[in-house]
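What follows is one structure encoded as structure tokens, with my remarks underneath.
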Amino acid sequence: MSNIIDGKAVSQSVKDRIKVEAAQLKEKYGVTAGLAVIIVGDDPASRIYVNNKKKACEYVGFDSYEYALPEETTESELLELISKLNNDDRIDGILCQLPLPKHIDENVIINNISPYKDVDAFHPVNVGKIMIGDYNFLPCTPAGVMELIASTGVDIKGKECVVVGRSNIVGKPMSMLLLHKSGTVTICHSKTKDLKAECKRADILIAAVGVPNLIKGDMIKEGAVVIDVGMNRLDNGKLCGDVEFESASKVASYITPVPGGVGPMTIAMLMQNTLTAAKVNRNLI
Ligand code: GUN
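All residue numbers for the sequence shown refer to our numbering, where the first residue is 195 and numbers rise by one.
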């Protein structure tokens, strides 16, 4: 049986560390980090995420500024708000909750958030910096996965790391972070010829495809570390990952549950990026 990685506990310890640093920033420099969170429309899942981000800001001692805009907001109205926030000194980080309504081009929005305030690390400048390995902002979900792997004590150096999924938000940056830690990285996707054989080689397996229960126990190497980024809503309303937990947990040495694994980490890493933004933008590091 595997050890279950407790994402809530790891996330809590990251947030507690940030809370201490935020208090020091306030005491030494009189600075309170500020995060602007923009939500357009009334997608219920996005609403929950945004509320959780605001709660996390409150917990660590940051100011949060919510901009809840109606579904009919135009692209140029949203760009106008972003331009205002780019030039607002109280705001260290800007997060525009995705997905946006169909009439707004997400890439246009991402490209117009200042790279210095891009706490999602989605802007092409920050994506390029991650590629080079010279970055301030960590892509939140992959950075959370790295914290979870670190919590196991397993060293990534020289390990076979297989990432299933090649999205811009998770798969691609995830692969870069593992590579920076000297893992031997393979990226699998829907056209991969023999997914089972690729997964079976992995010492560290990251599933981020959005296909419920795709990775079964017989696709996993004995003793592997398995991180499930999947967050799939089934017809019965239950959340389920990309990994079939029951069979996988009989083979893996460490495994994340869904929910309670990667999910809580993303917000903790967003807080980390906001703290970094406050320090960098105010020339404190
Ligand atoms: N929607 C789902 N996940 C994310 C995220 O990490 N950042 C943003 N901006 N929107 C999201």
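All C-beta atoms, glycine included, are put in the ideal place defined by N, C-alpha and C.
The way I'd put it, the stretch 415-429 does touch the stretch 447-459; three or more beta-carbon pairs between them come closer than 8 Å.
Straight-line spacing of the CA atoms in Lys-410 and Pro-333 works out to 27 Å. Between the C-alpha atoms of Val-339 and Thr-268 there is a straight-line separation of about 35 Å.
At least one heavy atom of the ligand GUN is found less than 7 Å from the C-beta of Leu-292.
Excluding five sequence positions before and after Thr-378, the CB atoms of its chain that fall closer than 8 Å to its own CB belong to Gly-352, Lys-353, Glu-354 and Cys-355, given in chain order. In this chain, Thr-378 is not harboured by any alpha helix (DSSP H); it is covered by the beta strand (DSSP E) spanning 378-382. Listed in chain order, the beta strand (DSSP E) elements of length 3 or more contained wholly in the stretch 267-314 are 287-290.
Between Ile-350 and Ile-398, the C-beta spacing is below 8 Å. With at least 16 other beta carbons inside 10 angstroms of its own, Ile-343 counts as buried. In this structure, the alpha-carbon of His-383 lies about 10 Å from that of Ala-401.
Looking at the DSSP output, Ala-446 bridges to nothing. By the C-beta density criterion, Glu-416 is exposed, having fewer than 16 other C-beta atoms within 10 angstroms.
DSSP places Arg-241 within a helical segment (H, G or I) once states are collapsed to three. Take the alpha-carbon of Ala-250 and the one of Glu-341: they are about 18 Å apart. Nearest Cα to Tyr-261 within the set Ile-276, Asn-305 and Ile-298: Ile-276.
With a threshold of 16 other beta carbon atoms within 10 Å, Lys-366 meets it and is buried.
Counting C-beta pairs with one atom in each stretch, the stretch 220-238 and the stretch 282-296 have three or more that are closer than 8 Å, which means they touch. Looking at the backbone, the Cα of Asp-328 and that of Ile-199 are separated by about 29 Å. Asn-477 is positioned such that its CB atom lies no closer than 8 Å to that of Tyr-310. Each residue's CA atom was taken as its position, placing Leu-469 and Ile-212 some 7 Å apart. Boundaries of the beta strand (DSSP E) around Ala-262: 257-263. Bounds of any beta strand (DSSP E) do not take in Glu-215; it lies within the alpha helix (DSSP H) bounded by 201-223. For Cys-334, the shortest separation between its Cβ and any heavy atom of the ligand GUN lies below 7 Å.
Going by DSSP, Ala-337 is part of the alpha helix (DSSP H) stretching over 334-346.
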